[in-house]
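Novice:
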Amino acid sequence: MAELGEATGLGRGALYHHIDTKENLLYDISSRYIVELVEAGREITANQIDPAERVKSLSRHLMHVISMHLAEMTVCFREIHSLTGERYQSVANLHAEYQQIWEDAFAAGTAQGQFRKIDKTAVKGLLGMFFYSFLWLKPGGRQSDEEIGNIFSDLVLRAIGAHEYLEENQFFE
Numbered sequence: 001m002a003e004l005g006e007a008t009g010l011g012r013g014a015l016y017h018h019i020d021t022k023e024n025l026l027y028d029i030s031s032r033y034i035v036e037l038v039e040a041g042r043e044i045t046a047n048q049i050d051p052a053e054r055v056k057s058l059s060r061h062l063m064h065v066i067s068m069h070l071a072e073m074t075v076c077f078r079e080i081h082s083l084t085g086e087r088y089q090s091v092a093n094l095h096a097e098y099q100q101i102w103e104d105a106f107a108a109g110t111a112q113g114q115f116r117k118i119d120k121t122a123v124k125g126l127l128g129m130f131f132y133s134f135l136w137l138k139p140g141g142r143q144s145d146e147e148i149g150n151i152f153s154d155l156v157l158r159a160i161g162a163h164e165y166l167e168e169n170q171f172f173e
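Counting from 1, one number per residue, gives the positions in the sequence shown under full-length UniProt numbering.
1. Hey, could you find the ends of the alpha helix (DSSP H) glutamate 86 is sitting in?
2. Rounded to the nearest angstrom, what separates serine 31 and glutamate 97 at their Cα positions?
3. Is the beta carbon of isoleucine 44 less than 8 Å from the beta carbon of leucine 94?
4. Just curious, the alpha helix (DSSP H) that glycine 51 is in, first and last residue?
5. Just mark isoleucine 148 as buried or exposed, buried being the case when its beta carbon has 16 or more other beta carbons within 10 Å.
6. Could you check how far apart the C-beta atoms of valine 55 and serine 153 are, in whole angstroms? I think they sit under 8 Å.
7. Output yes or no for whether 8 Å exceeds the beta carbon distance between leucine 37 and valine 65.
8. Looking only at its chain, what residues have a beta carbon closer than 7 Å to the beta carbon of leucine 127, apart from the 5 residues adjacent to it on each side?
9. Between glycine 161 and glycine 113, what straight-line distance do the alpha-carbon atoms span, to the nearest angstrom?
Below, the structure written as structure tokens:
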């Protein structure tokens, strides 16, 4: 309950007063950030026709959301399996939908000859690089979430063979 309180900004007593079940609260916390990612991912997809630029925008936005929702992500990744039935499936479906947004960006780049084909397992690995950052990311730290998003997008573009779409090689020699 301490982590839930931190994620919501409420004390333990207030939590028990405002929620009907701990699972409902866990669902709300676990779905909030991924709903935001899916909605923004759809918008980025609609507005960013160029696949390389879409990957860059998705990367920057994902790091921004992670930095803004560190407490929620900590709760979600530690407690997601405490959700049952429809609640668990709903959160899992949102994560799958978000992964599909990235897969669609990669497929568009492959179709246009910008990227080499990438396996779904590799997509999970690349997204894991982003999502794992909730453990070490420090808002106000040495690098901003935008800078980290740029570094990660550079790594992603390298992984899919899109070297000509990299920024001026600012992160790697």
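Even for Gly, the Cβ is constructed at its ideal location relative to N, Cα and C.
Specialist: Looking at the coordinates:
1. Taken as a continuous stretch (DSSP letters only), the alpha helix (DSSP H) holding glutamate 86 covers 85 to 111.
2. Cα to Cα, the separation comes out at about 12 Å.
3. In this structure, isoleucine 44 lies away from leucine 94, with their beta-carbon atoms at least 8 Å apart.
4. Per the sequence shown, residue 51 should be read as proline rather than glycine. Under the DSSP assignment, proline 51 falls in the alpha helix (DSSP H) whose first and last residues are 51 to 68.
5. It is buried - the Cβ of isoleucine 148 has at least 16 other Cβ atoms within 10 Å.
6. The beta-carbon distance between valine 55 and serine 153, rounded to whole angstroms, is 6 Å. This is short enough to meet the 8 Å contact definition.
7. Yes, the Cβ-Cβ distance between leucine 37 and valine 65 is below 8 Å.
8. Same-chain partners within the cutoff: Gln99, Trp102.
9. Distance between the alpha carbons of glycine 161 and glycine 113: 10 Å.
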